[in-house]
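Chemist:
2 protein chains.
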Amino acid sequence: MSDDERTARAALSRLFEPQDAAALALVQAAGAQDALRIACGQLAAGPELEREITEILEESGSGSSWSGLAGALQRWAPRIPDLAPERDLATMRRLGGRIIIPSDELWPRQLADLGLQEPVCLWWRGVEQELPPAAKAIALVGSRDSTSYGASVTGDLAYSLAQRGFTVVSGGAYGIDAHAHRAALAGGTGALPTIAVMAGGVDRFYPAGNEDLLRAVADHGAVLAEVPPGSAPTRYRFLQRNRLIAALASVTVVVEARWRSGALNTAHHAESLGRAVGAVPGSIHSANSAGCHRLLREGGAVCVTDATEIAELASPSGEALPPDKAGRTQVHDGLTLEDLILLDALPLRTTSSVEKLAVVGGLSVESVRAGLGRLGLLGLAESRHGGWKRSGKAT
Amino acid sequence: MSDDERTARAALSRLFEPQDAAALALVQAAGAQDALRIACGQLAAGPELEREITEILEESGSGSSWSGLAGALQRWAPRIPDLAPERDLATMRRLGGRIIIPSDELWPRQLADLGLQEPVCLWWRGVEQELPPAAKAIALVGSRDSTSYGASVTGDLAYSLAQRGFTVVSGGAYGIDAHAHRAALAGGTGALPTIAVMAGGVDRFYPAGNEDLLRAVADHGAVLAEVPPGSAPTRYRFLQRNRLIAALASVTVVVEARWRSGALNTAHHAESLGRAVGAVPGSIHSANSAGCHRLLREGGAVCVTDATEIAELASPSGEALPPDKAGRTQVHDGLTLEDLILLDALPLRTTSSVEKLAVVGGLSVESVRAGLGRLGLLGLAESRHGGWKRSGKAT
Numbered sequence: 038m039s040d041d042e043r044t045a046r047a048a049l050s051r052l053f054e055p056q057d058a059a060a061l062a063l064v065q066a067a068g069a070q071d072a073l074r075i076a077c078g079q080l081a082a083g084p085e086l087e088r089e090i091t092e093i094l095e096e097s098g099s100g101s102s103w104s105g106l107a108g109a110l111q112r113w114a115p116r117i118p119d120l121a122p123e124r125d126l127a128t129m130r131r132l133g134g135r136i137i138i139p140s141d142e143l144w145p146r147q148l149a150d151l152g153l154q155e156p157v158c159l160w161w162r163g164v165e166q167e168l169p170p171a172a173k174a175i176a177l178v179g180s181r182d183s184t185s186y187g188a189s190v191t192g193d194l195a196y197s198l199a200q201r202g203f204t205v206v207s208g209g210a211y212g213i214d215a216h217a218h219r220a221a222l223a224g225g226t227g228a229l230p231t232i233a234v235m236a237g238g239v240d241r242f243y244p245a246g247n248e249d250l251l252r253a254v255a256d257h258g259a260v261l262a263e264v265p266p267g268s269a270p271t272r273y274r275f276l277q278r279n280r281l282i283a284a285l286a287s288v289t290v291v292v293e294a295r296w297r298s299g300a301l302n303t304a305h306h307a308e309s310l311g312r313a314v315g316a317v318p319g320s321i322h323s324a325n326s327a328g329c330h331r332l333l334r335e336g337g338a339v340c341v342t343d344a345t346e347i348a349e350l351a352s353p354s355g356e357a358l359p360p361d362k363a364g365r366t367q368v369h370d371g372l373t374l375e376d377l378i379l380l381d382a383l384p385l386r387t388t389s390s391v392e393k394l395a396v397v398g399g400l401s402v403e404s405v406r407a408g409l410g411r412l413g414l415l416g417l418a419e420s421r422h423g424g425w426k427r428s429g430k431a432t
Numbered sequence: 038m039s040d041d042e043r044t045a046r047a048a049l050s051r052l053f054e055p056q057d058a059a060a061l062a063l064v065q066a067a068g069a070q071d072a073l074r075i076a077c078g079q080l081a082a083g084p085e086l087e088r089e090i091t092e093i094l095e096e097s098g099s100g101s102s103w104s105g106l107a108g109a110l111q112r113w114a115p116r117i118p119d120l121a122p123e124r125d126l127a128t129m130r131r132l133g134g135r136i137i138i139p140s141d142e143l144w145p146r147q148l149a150d151l152g153l154q155e156p157v158c159l160w161w162r163g164v165e166q167e168l169p170p171a172a173k174a175i176a177l178v179g180s181r182d183s184t185s186y187g188a189s190v191t192g193d194l195a196y197s198l199a200q201r202g203f204t205v206v207s208g209g210a211y212g213i214d215a216h217a218h219r220a221a222l223a224g225g226t227g228a229l230p231t232i233a234v235m236a237g238g239v240d241r242f243y244p245a246g247n248e249d250l251l252r253a254v255a256d257h258g259a260v261l262a263e264v265p266p267g268s269a270p271t272r273y274r275f276l277q278r279n280r281l282i283a284a285l286a287s288v289t290v291v292v293e294a295r296w297r298s299g300a301l302n303t304a305h306h307a308e309s310l311g312r313a314v315g316a317v318p319g320s321i322h323s324a325n326s327a328g329c330h331r332l333l334r335e336g337g338a339v340c341v342t343d344a345t346e347i348a349e350l351a352s353p354s355g356e357a358l359p360p361d362k363a364g365r366t367q368v369h370d371g372l373t374l375e376d377l378i379l380l381d382a383l384p385l386r387t388t389s390s391v392e393k394l395a396v397v398g399g400l401s402v403e404s405v406r407a408g409l410g411r412l413g414l415l416g417l418a419e420s421r422h423g424g425w426k427r428s429g430k431a432t
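Chain order of the listed sequences is A and B.
Per the numbering used here, residue 38 is the first one in the first sequence, and the count goes up by one each step.
Per the numbering used here, residue 38 is the first one in the second sequence, and the count goes up by one each step.
1. Might you give, ordered along the chain, the residues of its own chain that have their beta carbon closer than 6 Å to the beta carbon of I117/B, omitting 5 neighbours on each side?
2. For a test of the three-state rule: what should DSSP assign to R386/A, helix, strand or coil?
3. For W290/A, which residues does DSSP report across the bridge?
4. Taking G187/A and G179/A to be in contact with their CB atoms under 8 Å, please state how far apart those CB atoms are, rounded to whole angstroms.
5. Helix, strand or coil, according to DSSP, for T226/A in the structure here?
6. Which chain B residues sit within Cβ distance under 8 Å of E403/A?
7. Please confirm whether T342/B has its beta-carbon closer than 8 Å to some beta-carbon of chain A.
8. Would L281/B and V234/B be called neighbours here (beta carbons separated by less than 8 Å)?
9. Quick check on T44/A - is its C-beta less than 8 Å from some C-beta in chain B?
10. What does the alpha-carbon distance come out to for the pair L87/A and A62/A?
11. Could you name the residues of chain B that G399/A contacts, counting a contact when the two beta carbons are closer than 8 Å?
12. Between the Cα of K393/A and the Cα atoms of L80/B, I90/B, A286/B, R112/B, which residue gives the shortest distance?
13. Quick one: measure Cβ to Cβ for A284/B and D150/B, integer angstroms, because I've assumed they're closer than 8 Å.
14. In terms of residue numbering, what span does the beta strand (DSSP E) encompassing L261/A cover?
15. What residues in its chain sit with their C-beta under 6 Å from that of A109/A, if we drop five residues either side in the sequence?
16. In angstroms, rounded to a whole number, what distance separates the CA positions of G315/A and V405/A?
17. In angstroms with no decimal places, state the Cα-to-Cα distance between V260/B and G212/B.
18. Of the residues L94/A, T184/A, S183/A, E42/A, which one's Cα is nearest the Cα of A69/A?
19. To which residues does DSSP link T204/A through a beta bridge?
20. Under 8 Å between the Cβ atoms of P270/B and W160/B?
21. Can you list, in chain order, the residues of its chain whose CB lies under 6 Å from that of T91/B, leaving out five sequence neighbours each side?
22. Mind listing the chain B neighbours of H330/A? Cutoff is C-beta to C-beta under 8 Å, in chain order.
23. Return no unless some Cβ of chain A is closer than 8 Å to the Cβ of D119/B.
24. Which residues in chain E have a C-beta closer than 8 Å to the C-beta of Y273/A? List them in chain order.
25. What residues of chain B sit near R334/A, judged by a beta carbon separation below 9 Å?
26. Quickly, what does DSSP pair C340/B with across the bridge? List them, please.
27. Ordered along the chain, which non-local residues of its own chain (more than five positions away) have a Cβ less than 7 Å from that of P145/B?
28. Just the Cα atoms here: how many angstroms apart are W199/A and L333/B?
29. Where do the ends of the alpha helix (DSSP H) carrying V397/B lie?
30. Establish whether the CB of V396/A and some CB of chain B are separated by less than 8 Å.
31. Within a Cβ cutoff of 7 Å, which residues of the same chain sit near A300/B, ignoring the five residues on either side of it in sequence?
32. Give, in chain order, every residue of the stretch 176-200 of chain A whose Cβ lies closer than 7 Å to some Cβ of chain B.
33. Cα separation between D343/B and A304/A?
34. Using only the alpha-carbon positions, how far apart do D249/B and D256/B sit?
35. Take S401/A and list the residues in its own chain whose beta-carbon comes closer than 7 Å to its own, dropping the five residues that flank it on each side.
36. Just to confirm before moving on: does the CB-CB distance between Q56/B and Q147/B stay below 8 Å?
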C-alpha cells in the first residue's frame, strides 16, 4: 500500500502544476490514490467530495478561483497520456535518487507549515540521509547577476554557516545561489552541508554551467524538486519552488537582489510562513543591493552582516547570541558625568591645580578632589609636583 | 526686563555645564534672574524652593544624582569670578551674532521637546533670520574619518535635501559633518540651507581645518552653540551638543559610523525624543558602516538610501511619498496564474498547437484558448500558420 501511495504521488506530481490548490485539496479530501483515479476519470467524485474540496479551499483562502471539479478535470486531462510514474521512479533509482512522500520517516517535517501548499512528494537526487530540521537550515538566496561584493559575502556566510553545522539551502542558479552551494560544500564538516531546490526535474542539472557544482551538491548534499524528472524549469515553477526554499529553512537571507528579484519572492514566502528574513546591506549605489534595502525598509527583514547574526535568527532563544562586537572598551566607559567632565578638563602635557580644574570643569573644589582620587585609581589621572594631568592610559 | 533676562541667561550659560539638571531645575523654579542671584550667593534659597527643585528633578527622572542645593552651589562657585555676560554679548555683536532665549520670537519651538534639558539660551553666529521648524530640518551626522563612499553619499543627500528646501543640521566636524554642510550650501536654493551646532563657543571656528567652511555656514546659514564664546569643545560638551542636533531636526540620519561613534549618540537622542532615525547601509566589510548596521539591527532606525526616503520620514503623512522605484513594469505583472503558466509554455521561435500547449502547461484546451486570447490582446502571444508563439514584447 505504501508503494501504491508512492506511485500515485509520483503520478500526481506530473499531472498537477505545483501549488494547484484544487488538486491539493482533492488529495487532502480523497487521499492520493483516489485523487489520481478521480483525476484520470477512473473514479467519479460525488457531490459530497466536491463539497469537502470547496470547504478545504475556503479554509485555506484559495476558494475564490475554484469553479468546481469539472473545470479542474478539464485542466488535468491533457497530461493523462503522459503519466508514467514507474518510469519516473526507475529514472530516479538509476540516478541514485528516490522519491519521498509526507508519510516517510525522511520527509522534512517543517514542510507541513505550508498547509495545503505542502508538495505531494519530493524527487531527491543524492545520498539517502537525514534532512535537517528547519532550525539547522538557512536559506541564502540572491540575484543571478551577483557582483564581486555579493560573491564574497555569500562565500563568507555560507562557509561559516556550514562550519557551524548548518545546512545552506539555495536554488542552484548562477550567481548568489552557486556561491552559496560552493562555499557550503567547502565549509561543511559533517552531515549534509547544502541543499539545492530545483524548479525543474532533478534528472537534469540546470543551468548547464552549474552542472559540475550541482553534481557535487548531489554527491555531498541533496538536490530536490517537487516536479518529476524531465520537467522544464518554467518561470511559474521558479516562483513555486521558492516557497520550498523558504519552508525548508528557519531563516531566509537575501544577500544581493535587485529592486525586483525572485529572491524577494522567496523572502515574502518566508515572511508569510512566519520564518525569519535577513537582508545583507550594501552600497546604496549598487542596484544589486536595492532589493535588500527594500526588504529592510518595507519588510520585516533584519539587517545581517555576519554568520553569527544569522545563526542568532535561527535560534532566537539566545543559544547563539553573538559576542559583543565592541572590541576593547573605552577608558572613559562607565565614568560618572562629573568624572567625565573632570577628565576632559585635565591637561595632557602640563599640569593643572585643583582650583583651576574646578573653574574649567564647572565643579566644586571638593568634587574635583574626590574625582581626581577616582580617576587616579583607574590610572586615568596622575599628580606631578602638586598639579594634576591625564595619565598615558587616558589619552 | 527682557534684556535683564537675556543677560542673566548669558551668564548662566557660562556658570553651568550643558544639561546640569540641578541648574536647569533651579532656573525653572526661580526664573533665570533669581537663579543667577542664588547661584552667585546674592540671594538665599529657602527650603520651599529647594523642595520645588527636588520635585522638578524627580518628575524629569534626574532626581537620583541630586543631593541638595548646597552641593550644587559649591559646584558653581569656582566659575563666578569668570562671569562677564555683557562682554560675551558684546563679543557676539562684534562677530555679527546674537543670543536667543526661549521667550524670543526666533527661538526654535522644537527645542521644548527636550523638557528640562532645553538649553537656557543659544549663541548664534550668522545672519538673523527665521530658523526652520523641525519638519523642515534634517540632521545628517557621521564619523570624522569618513570614507569616499560616505563622502559621496553625504554630498548627494545633503545637496538634494537642500534643493528641496530642507535645512541640513550637523555638527561642523571633519568627515560626514563637513560634507553635509558643504553640499547643503551648494544645493541651497532659498532660506537657511544648513545649521552647524557646535560643542564649543561660536567665536572660534573649530576644528581649524573647517574654518572657511564654518565661515560660509555662518554667512549663509547659522552656527549655534549653547555654551558662551570662549568655551572649549570638551568631550562632555560634544555629547550634550548632540541632543541639540537631534532636537532641532525631525529626522536624524546616520550616514557612516563605526560600531562606537558619537553619531550613534545623536541617533539615540533622536529616538528618545520620538524623532525618526534613518541609517544609510553600506558594505558589511566597511568598519565605517558597522554603526549604521547596528542601528538598523538594534534600534528603530529606518534604512534610507536617497533623499526622497529621508523626506518621507520628515512628513510621514505622505506628502512626500516617493515615486515607485519599480521603473518599467514587467510584462507578466498582473497576469493570472493560468496565463503566466501559459506564457511560460509558449515557445519563443517555433509555434505550438493549442493541444500541445494544454499538455505542456497542464491546462484544459478551453483554458488555453481563452488564455491565448487574453495574451494576444496584451501583445504577449501571436498566432502564425495556425500555431502560437510568444510575441516580441513578451520575450
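Just so it is clear, CB atoms sit at the ideal spot from N, CA and C, and this is done for glycine as well.
The structure presented is a predicted model; accordingly, all values stated were derived computationally and were not measured.
Modeler: On the basis of the coordinates in this document:
1. Correct list, in chain order: C77.
2. coil
3. The displayed chain sequence assigns Val, not Trp, to residue 290/A. L177/A, G315/A.
4. Contact holds; Cβ gap of about 6 Å.
5. Coil at T226/A, not helix or strand.
6. Q111
7. yes
8. Cβ atoms of L281/B and V234/B: closer than 8 Å.
9. no
10. Reading the sequence as shown, one finds Glu at residue 87/A and not Leu. Distance between the alpha carbons of E87/A and A62/A: 10 Å.
11. L52, F53, E54, D57, R112, W113, P115, R116
12. R112/B
13. 6 Å
14. Note, L261/A: beta strand (DSSP E), 259-262.
15. Answer for A109/A: A59, listed in chain order.
16. Distance between the alpha carbons of G315/A and V405/A: 50 Å.
17. 17 Å
18. Nearest C-alpha to A69/A: E42/A.
19. A174/A
20. no
21. none
22. P318, C340, T342
23. yes
24. The displayed structure is made up of protein chains A and B, and chain E is not among them.
25. V339, C340, V341, T342, E346
26. Beta-bridge partners assigned by DSSP to C340/B: A316/B.
27. L168, L285
28. Here residue 199/A turns out to be Ala, not Trp, going by the sequence shown. Roughly 26 Å separates the two Cα atoms.
29. Its alpha helix (DSSP H) spans residues 391-398.
30. yes
31. V178, G179, S180, V291, A294, G328
32. Under the 7 Å Cβ criterion, the stretch 176-200 of chain A contributes Y186, V190.
33. 23 Å
34. Their Cα atoms are separated by approximately 10 Å.
35. A395
36. No, these two residues do not count as a Cβ contact at 8 Å.
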